[in-house]
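Structure first, then comments.
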Amino acid sequence: MKYRDVVKKSIVAFMEGRMPEQTAALKEEGLKYTPEYFDELEEEILGEKAVDKKEDDDEES
Amino acid sequence: MRNLKPRFDAPIPGENFTSDVKNYPWHRSPDIVDFDEAVEYVVEQVSKPSAITTITSLMEGGANLTSIVSMLNMVNVSNGKYAVDTSLLISGPVARFLQIVAKKDGIDVKVGNENERQIITLEHLKALSGLSAGEDTEAEDIVSQPDMGRVRDDSMPQGGLMGVSEENRSETASATQQQSMLGYSELDDEEGDA
Chain R
172 MKYRDVVKKS IVAFMEGRMP EQTAALKEEG LKYTPEYFDE LEEEILGEKA
222 VDKKEDDDEE S
Chain U
74 MRNLKPRFDA PIPGENFTSD VKNYPWHRSP DIVDFDEAVE YVVEQVSKPS
124 AITTITSLME GGANLTSIVS MLNMVNVSNG KYAVDTSLLI SGPVARFLQI
174 VAKKDGIDVK VGNENERQII TLEHLKALSG LSAGEDTEAE DIVSQPDMGR
224 VRDDSMPQGG LMGVSEENRS ETASATQQQS MLGYSELDDE EGDA
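Residue numbers (the numbering used here), protein chains in the order written: chain R, 172 to 232; chain U, 74 to 267.
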């Protein structure tokens with residue numbers, strides 16, 4: 172298996188919601204950058220964008 | 074035939090044990106060992122205006138997330154920022170962040186195709202350089218012209234390599250001019266005859 176293939180496997184696992192358990196167990200407070208964190212970030216970024224676009228449309232009309 | 078000459082510039086057995094193994098950044102302890110710190114570092118790195126422009130262009134050109142994340146990891150591991158193991162752990166979060174950036178810019182980016190290796194084609198390069206399909210038709214028209222790249226037959230010299238071409242044949246000096254160039258004059262000819 173090549174490095175590229177392992178990277179892809181890691182990406183797919185994260186996208187499916189899996190996290191490195193042993194790494195997470197090292198920290199009492201847990202890991203910050205979890206799939207849930209990025210879901211919230213996506214909502215925040217793309218949600219803001221949608222609101223901005225709506226405001227622009229209102230100004231034009 | 075195989076060259077059997079001995080190579081005296083080759084390393085001697087065990088020479089690797091005599092060299093300093095901390096010559097390269099990846100031979101030393103990495104700067105970042107924490108998962109969250111490493112993710113933060115890469116996210117900050119790719120969020121810089123120059124970096125995000127390049128990465129967005131790559132994604133528009135058809136590069137998938139695996140290729141981009143592998144490239145970022147290679148750079149950071151070779152600079153000693155984090156270890157290879159950490160690079161594999163943070164690949165997921167970094168790819169997810171890039172996916173959000175792509176969605177924000179309206180780019181459809183894929184994780185990567187299992188069976189297909191990403192090959193940089195002319196289309197990729199055109200996309201990266203901002204050329205659309207219609208902009209380079211002028212260049213293609215010029216190349217497709219029948220005379221393009223062909224030497225006109227009438228311009229080819231007759232009479233071998235040193236022959237005079239038809240274009241230059243009229244510029245050849247007359248017999249009198251050639252005589253004067255050689256230092257002879259009509260008077261000399263007359264004296265010679267006498």
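Backbone N, C-alpha and C fix where the C-beta goes; we use that ideal spot for every residue, glycine too.
The model shown is predicted, which means the values in this text are computed figures rather than measured ones.
Query                                                                                                                                                                                                  : Result
Please work out which residues of its chain come closer than 7 Å, Cβ to Cβ, to residue 201 (chain R), disregarding the five sequence neighbours upstream and downstream, and give them in chain order. : 195
Since residue 178 (chain R) contacts residue 142 (chain U) with CB under 8 Å, what's their CB separation in whole angstroms?                                                                           : 6 Å
Measure the alpha-carbon distance for residue 126 (chain U) versus residue 209 (chain R) and round it to whole angstroms.                                                                              : 21 Å
Mark residue 101 (chain U) as exposed unless 16 or more other C-beta atoms lie within 10 angstroms of its C-beta, in which case mark it buried.                                                        : exposed
Using a C-beta cutoff of 8 Å, does residue 177 (chain U) count as contacting chain R?                                                                                                                  : yes
What does the alpha-carbon distance come out to for the pair residue 197 (chain R) and residue 82 (chain U)?                                                                                           : 49 Å
So what's residue 155 (chain U) in DSSP terms, helix, strand or just coil?                                                                                                                             : strand
Considering only residues of the same chain and omitting the five flanking positions on each side of residue 114 (chain U), which have a CB-CB separation below 7 Å?                                   : 105, 154
If contacts are defined as beta-carbon pairs under 8 Å, then residue 167 (chain U) and residue 139 (chain U) qualify, I think. What distance do you get, rounded to the angstrom?                      : Actually they do not touch by this definition, with Cβ atoms about 11 Å apart.
Mind listing which residues of the region 93-126 of chain U have their C-beta closer than 9 Å to chain R's C-betas, in chain order?                                                                    : 107, 108, 109, 112, 113, 116
If you reduce the DSSP assignment to three classes, tell me which class residue 128 (chain U) lands in.                                                                                                : helix
At the 8 Å Cβ level, is residue 213 (chain R) part of the contact set with chain U, yes or no?                                                                                                         : yes
Which residues bound the alpha helix (DSSP H) around residue 88 (chain U)?                                                                                                                             : No alpha helix (DSSP H) holds residue 88 (chain U); DSSP gives it neither H nor E.
So what's residue 180 (chain U) in DSSP terms, helix, strand or just coil?                                                                                                                             : coil
Just to make sure I have the definition right: I need the residues of chain R whose C-beta is within less than 8 Å of the C-beta of residue 139 (chain U). Which are they?                             : 175, 178, 179, 182
Would residue 185 (chain R) be called buried (16 or more neighbouring beta carbons within 10 Å of its own) or exposed?                                                                                 : buried
Please state whether the Cβ-Cβ distance between residue 173 (chain U) and residue 216 (chain R) is less than 8 Å.                                                                                      : yes
Taking 8 Å as the CB-CB cut-off, is residue 170 (chain U) touching chain R?                                                                                                                            : yes
Would you please verify whether the beta carbon of residue 161 (chain U) is less than 8 Å from any beta carbon of chain R?                                                                             : yes
In angstroms with no decimal places, state the Cα-to-Cα distance between residue 199 (chain R) and residue 193 (chain R).                                                                              : 12 Å
Taking all protein chains shown into account, do 16 or more other C-beta atoms lie within 10 angstroms of the C-beta of residue 204 (chain R), making it buried, or fewer, making it exposed?          : buried
Following the continuous alpha helix (DSSP H) through residue 114 (chain U), name the residue where it begins and the one where it ends.                                                               : 108-120
Per DSSP, which one or two residues make a beta bridge with residue 163 (chain U)?                                                                                                                     : Its beta-bridge partners do not exist; DSSP assigns none.
Nearest chain R C-beta to residue 146 (chain U) closer than 8 Å, yes or no?                                                                                                                            : yes
Mind pulling the chain R residues with CB within less than 9 Å of residue 128 (chain U)?                                                                                                               : Residues of chain R passing the Cβ test: none, with the nearest at roughly 15 Å.
Measuring alpha carbon to alpha carbon, tell me which residue in U:107, U:256, U:76 is nearest residue 157 (chain U).                                                                                  : U:107
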